[in-house]
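Asks:
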Amino acid sequence: MRLQVGVVLGVVALTFAVAGGAAVAGSRTKAEEALSSVKAEPSAAAVARLQVAKAEDALDRARAARQAGDATHADLLDDLALEWAVTAVDLARAAELEARAAEVEKETAELEARAKRALTLIEQTLARRGKAAEKLRALGVEPEPLGPVVPRAESEREGAADAQPAATEATP
Amino acid sequence: MKHTRRAPRSRWWYVLVLCAVTGGTVSCAATPRPRVLGQADAAAESPAAREAAQLAPQAFAHAENLRAAAAAAHQRSEFAAAQILGEHSLAAYDHAFVLARYVKAEQRLARAEAALAKTQTELAELDEQQLRLAAEADALELKIKVTVDKEPKGKLPPASPERVRARRDAARALTSEARLLCLATELLEPDREGLGAARTTVTELEEELAKGSHKDELFLRATEARTTCLRQLTLARRPATTKAPEAGVTDRLFLELTETQRFFAFRDDRGIVINLRDLTAADGTLTADAREQLRLLGGTAKEHSGFPLLVVGHAAQPKQEDAAKAQAELVAAALREAGAPSVRVHGAGTAQPVVDGRVPDAAARNARIEVVFVSPAR
């Protein structure tokens, strides 16, 4: 009976030990993977160098604690390293998104300048058409009915695209 | 009565009591609060934290939980755990701030993309409107020319010899323009009805002018011939002008040529014109710079195959007319080699000078090769 209880307790303890070890290894491995992905991209590494340095420091401290037999604090330090590593990844993503947004904004500004020029050209052509129609009338010829003109109000353009999408939280 | 005397306490007893009191005081004093917990508190109160609480609520709550766990560890006098959890909470706040920044970037991108799509649509509408208005204005202006030309013209009043020479020069220039307009029409629609008659009129005029005729009526006939050829060109363009997919092709090509910053392009009735000068070296071959320019133009013509090319040689002096034509042929060959699918050459002689022959640098300015991208639509 005593032997059976001992075996059961041993199995339970072993299970907890393995599970605990796996969890620790999970944080550390995930942190190391995240750091590798950031460091593989030079622009991302440059943007998130502070977070990368902090994550690496936490991993070093965790290793030292584990070597000293302090498994509890080593686990906490692995978690800390993971937090910094994931922050580095998300920071690089945010910077990339900001760069894309800036590019699209630049493209829009260029197109808006072209649209402004097109509008000026339309006004000139409209004046030319009106002048020609008047001249033709003066010559005693009634011009054919002209097509409609759809004026575009500047105010309408300036207030464009104010609708904002709902905020969504990015998941690490 | 019996007096009992208390034995004096030893010095060691006092020392022992002092140590006990000191030890108790030290052990009961509060453990100093790790600095990182203060930093975490400051991060939690910052303006960035308020924004993160709104835009990244889960990450912010995670950071708050870690800060609370650090404080609890400190309360339990678990100094090392409080330190690490405090650092973790700081990292988690930083993460929440980064996620808030990500969400804001997402919103900014969505706004920018929506604005871009709207502007693209507007620009397309404007292009379409411009095209329609320009076609209507062209049609009206053509109608004015035709109406004016229909009116009976009286004889021109007698003029001085200078005036007669000026009229003859103007007649030559108008006839030359008529020829080029008819050639442009031919490039777009070779079998156009009415084009043959217009060409015959121009040829008759050219022959009379070549004989040295000074008849006053030549000027009026040349004006009419030019109007007729322009009308033919406009009518040849009409199907393409009214066809929606062709909208803005000339504008696009003009912009493309201008953006190369290699050419000064301008527009006339024929299409887009580029003047080239100093193309050949002393031995009569094209210079390296000329070859590069023609390679670019030929490549552009290949990409815009709807625009046939008309290469016109202009001479500064009558004796250079053949050389100008030969240079135009050389240019045409280089353009064909660069991929231009349709190229036509014409020697305009001295009929269309840019400036008066008495101007100091007239010869350099008047001798030129015109490369015309004949526009298939207005």
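Order-wise, the sequence lines are chains A and B.
So the first sequence is numbered by our numbering: it starts at 1 and just counts up by one.
So the second sequence is numbered by our numbering: it starts at 1001 and just counts up by one.
All C-beta atoms in this analysis are idealised placements derived from N, C-alpha and C, irrespective of residue type, glycine included.
Values in this document were obtained by computation on a predicted structure and should not be read as measured data.
Give a yes or no on whether 7 angstroms exceeds the smallest Cβ distance from A:A56 to chain B.
Replies: Working through the first sequence from its first residue, we reach residue 56 of chain A at position 56. The sequence as given places Glu at residue 56 of chain A; Ala does not occur at that position. It does not: the Cβ of A:E56 has no partner Cβ on chain B nearer than 7 angstroms.
Asks: In the region 94–111 of chain A, which residues sit with their C-beta less than 7 angstroms from some C-beta in chain B, listed in chain order?
Replies: Listed by position, the residues of the region 94–111 of chain A near chain B (Cβ gap below 7 angstroms) are A94, L97, E98, R100, A101, V104, E105, E107, T108 and L111.
Asks: State the beta-bridge partners of B:E1370 as determined by DSSP.
Replies: Within the second sequence, residue 1370 of chain B is the residue found at index 370, counting from 1. Answer is B:N1275 and B:V1312.
Asks: Just reading off the alpha helix (DSSP H) that B:H1095 is part of, what are its end residues?
Replies: The residue given as residue 1095 of chain B occupies position 95 in the second sequence. It spans F1079 to K1150 - the alpha helix (DSSP H) in which B:H1095 sits, taken as one unbroken run.
Asks: For B:F1266, which of helix, strand or coil comes out of DSSP?
Replies: Taking the first residue of the second sequence as 1, we reach residue 1266 of chain B at position 266. It is a strand residue.
Asks: Quick one: give me the first and last residue of the alpha helix (DSSP H) that A:G130 is part of.
Replies: If you number the first sequence from 1, residue 130 of chain A lands on position 130. From DSSP, the alpha helix (DSSP H) with A:G130 extends over A71 to A138.
Asks: What is the C-beta distance between B:L1279 and B:A1290, in whole angstroms, given that I count them as a contact (C-beta under 8 angstroms)?
Replies: Counting from one through the second sequence, the residue named residue 1279 of chain B turns up at place 279. Counting from one through the second sequence, the residue named residue 1290 of chain B turns up at place 290. With a Cβ gap of about 4 angstroms, B:L1279 and B:A1290 count as contacting.
Asks: Since A:D79 and B:H1088 should fall inside the 8 angstroms C-beta cutoff, what is the C-beta to C-beta distance between them, to a whole number of angstroms?
Replies: Position 79 of the first sequence holds residue 79 of chain A. Position 88 of the second sequence holds residue 1088 of chain B. The Cβ separation is near 6 angstroms, so the contact holds.
Asks: Using alpha carbons as the reference points, say which of B:T1147, B:V1146, B:K1145 and B:A1139 lies closest to A:L146.
Replies: The residue you call residue 146 of chain A lines up with position 146 of the first sequence. Nearest of B:T1147, B:V1146, B:K1145 and B:A1139 to A:L146, Cα basis: B:A1139.
Asks: May I ask you to report which of helix, strand or coil DSSP gives B:V1343?
Replies: Residue 1343 of chain B sits at position 343 when you count from the first residue of the second sequence. Strand, per DSSP.
Asks: What residues in the region 1071–1084 of chain B have a beta carbon less than 7 angstroms from any beta carbon of chain A?
Replies: Listed by position along the chain: A1080, A1081 and I1084.
Asks: Give me whichever residues DSSP pairs with B:T1280 in a beta bridge.
Replies: On the second sequence, residue 1280 of chain B is found 280 positions in, with the first residue counted as 1. B:L1286, per the DSSP bridge assignment.
Asks: Under a Cβ-count criterion, where at least 16 other Cβ atoms within 10 Å of its own Cβ denotes burial, should A:L139 be classed as buried or exposed?
Replies: Your numbering for residue 139 of chain A matches position 139 in the first sequence. Result: exposed.
Asks: Mind checking B:P1360: buried by the 16 CB within 10 Å criterion, or exposed?
Replies: Within the second sequence, residue 1360 of chain B is the residue found at index 360, counting from 1. Exposed, since its Cβ has fewer than 16 Cβ neighbours within 10 Å.
Asks: Quick check on DSSP: helix, strand or coil for B:G1298?
Replies: By one-based count along the second sequence, residue 1298 of chain B stands at place 298. If DSSP states are grouped into helix, strand and coil, B:G1298 belongs with the helices.
Asks: Could you name the residues of the same chain whose beta carbon sits closer than 8 angstroms to that of B:I1369, not counting the 5 residues immediately before and after it, in chain order?
Replies: Locating residue 1369 of chain B in the second sequence gives position 369, where the first residue counts as 1. N1275, L1276, R1277, L1279, V1311, V1312, G1313, H1314, A1324, Q1327, A1328 and V1331, listed in sequence order.
Asks: If I follow the unbroken alpha helix (DSSP H) through B:G1038, where does it start and stop?
Replies: Numbered from its first residue, the second sequence carries residue 1038 of chain B at position 38. Start and end: R1035 to E1045.
Asks: By the 10 Å Cβ neighbour count, where 16 or more other Cβ atoms means buried, how is B:P1190 classified, buried or exposed?
Replies: Taking the second sequence and counting its residues from 1, the one referred to as residue 1190 of chain B is at position 190. When all chains shown are included, B:P1190 counts as exposed.
Asks: So A:L76 contacts chain B; which residues on that side make the cut at Cβ distance below 8 angstroms?
Replies: As a working mapping, residue 76 of chain A is identified with position 76 in the first sequence. Within 8 angstroms Cβ-Cβ: A1081, I1084, L1085 and H1088.
Asks: Determine, using beta carbons only, whether B:L1099 and B:A1056 come nearer to each other than 7 angstroms.
Replies: Here residue 1099 of chain B refers to the residue found at position 99 of the second sequence. Here residue 1056 of chain B refers to the residue found at position 56 of the second sequence. Yes, the pair counts as a contact, with Cβ atoms nearer than the cut-off.
Asks: For a test of the three-state rule: what should DSSP assign to B:P1360, helix, strand or coil?
Replies: For the purposes of this step, residue 1360 of chain B is identified with residue 360 of the second sequence, where counting begins at 1. Residue state, collapsed to three classes: coil.
Asks: Would B:V1372 and B:R1365 be called neighbours here (beta carbons separated by less than 7 angstroms)?
Replies: Translated into the one-based positions of the second sequence, residue 1372 of chain B becomes position 372. Translated into the one-based positions of the second sequence, residue 1365 of chain B becomes position 365. Cβ distance not < 7 angstroms, so B:V1372 and B:R1365 don't count as in contact.
Asks: Round the Cβ separation of B:L1388 and B:C1229 to the nearest angstrom and send it over; I've been treating them as touching at under 8 angstroms.
Replies: This structure cannot settle anything about residue 1388 of chain B, because the visible part of chain B is limited to 1001 through 1378.
Asks: Under 7 angstroms between C-beta atoms, does A:R28 make it to chain B?
Replies: The residue labelled residue 28 of chain A in the question sits at position 28 within the first sequence. Answer no: the Cβ-Cβ gap between A:R28 and chain B never drops below 7 angstroms.
Asks: B:H1214: buried (16+ other C-beta within 10 angstroms of its C-beta) or exposed?
Replies: Numbered from its first residue, the second sequence carries residue 1214 of chain B at position 214. Per the 10 Å Cβ criterion, exposed.
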